[in-house]
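Heads up: the sequence shown at position 102 corresponds to 101 in numbering that gives the first Met the number 0, and the numbers run straight through without jumps. Think of the CB as a built atom: it goes at the ideal place given N, C-alpha and C, for glycine as much as any other residue. Bear in mind that the values here come from a model prediction, so they are computed numbers and not experimental data. Working notes for the structure below.
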Amino acid sequence: MTAALVVVDVQRGFSDPSWGRRGNPAFEANLSALLDGWRDPVVLVRHDSGKPGSPLAPGSPGNAFSPLLDGVEPALLVVKHVNSAFHGDPDLAAWLRREGVGEIVLAGIQTNMCVETTARVGGNLGFAVTVALDATATFDLAGPDGAVLTAEELTRATATNLHGGGFARIASVDQVLSASSASPA
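This is how it looks when you write it as structure tokens:
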């Protein structure tokens, strides 16, 4: 089965201090290793926030991709305004089907937001989904009661939800690259 690497929202705006403490200090190294070892196709996803003052607002410096993606030539660029890359433009599901891609590997930011939502929708649409968990990152987040969950707790919850709900397989970058669907370059 042909697989595509879908890199979600790796944008400069996520370095803005307003997000708070980020987990997974190895994110950049892990994503770089995944990109270096991946064969085509790669899909880049960009979030164009409509929220006033957002670091991810179109036209702001934070809307640009991170330098980590310099040199990546995507087969497709999806622009979205909501959490799922499947609700962006162009239509990711239609493109994947047209290209004969039945499996997606997800990486990017934020683990518990856009990566998780894209995984859930992808699974619902019938794609085989793998999340390269160590190539994702998220931030500490306060709940409605004010209690803060750490980035690590949120990442663990995402892995549990996606695995337990049958939405996605959870793997490391090393596991993804050693799998038959993604042979090293």
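| query | Is it buried or exposed for P66, if we count other Cβ within 10 angstroms and need 16 for buried? | reply | By the neighbour-count rule (16 or more Cβ atoms within 10 Å), P66 is not buried but exposed.
| Spatial neighbours of S182 in its chain, beta-carbon cut-off 6 angstroms, leaving aside the 5 residues before and after | Note that S182 scores a pLDDT of 44, beneath 50, so its modelled location is shaky and nothing firm can be said.
| query | Should R97 be labelled buried (16 or more other beta-carbon atoms within 10 Å of its own) or exposed? | reply | exposed
| query | Do you know how far the Cα of V81 is from the Cα of S180? | reply | Its pLDDT being 45, under 50, S180 is placed unreliably by the model, and nothing is read from it.
| task | Enumerate in chain order the residues of its own chain whose CB-to-CB distance from A3 is below 6 angstroms, with the five nearest sequence positions on each side excluded. | result | P40, V42, V100 and I103
| field | First through last residue of the alpha helix (DSSP H) which encompasses T1 | value | Careful: T1 lies outside any alpha helix (DSSP H), inside the beta strand (DSSP E) at T1 to V7.
| field | Buried or exposed by the 16-neighbour rule on C-beta atoms within 10 Å, applied to P123 | value | Looking at the sequence itself, residue 123 is Asn, so the reference to Pro does not match. The residue is exposed, with fewer than 16 neighbouring Cβ atoms inside 10 Å.
| the stretch 80-95 touching the stretch 104-120, judged by at least three CB pairs closer than 8 angstroms | yes
| request: Closer than 6 angstroms by C-beta to G19: which residues in its own chain qualify, once you throw out the five before and the five after it? Chain order, please. | output: F138 and D139
| query | Quick one: is A184 buried, meaning 16 or more other Cβ sit within 10 Å of its Cβ, or exposed? | reply | Note on A184: pLDDT 43, under 50, position unreliable in the model; no value is reported.
| task | Please go through the same chain and pick out, in chain order, the residues whose beta-carbon is closer than 6 angstroms to the beta-carbon of R168, but skip the five residues on each side of it. | result | Cβ neighbours of R168 beyond the five flanking positions: T129.
| What separation, rounded to the nearest whole angstrom, lies between the Cα atoms of G87 and L33? | 24 angstroms
| field | Segments assigned alpha helix (DSSP H), at least 4 residues, entirely inside the stretch 43-131 | value | 91-97 and 115-123
| request: Please confirm whether D173 and F26 have their CB atoms less than 9 angstroms apart. | output: Not closer than 9 angstroms, so no.
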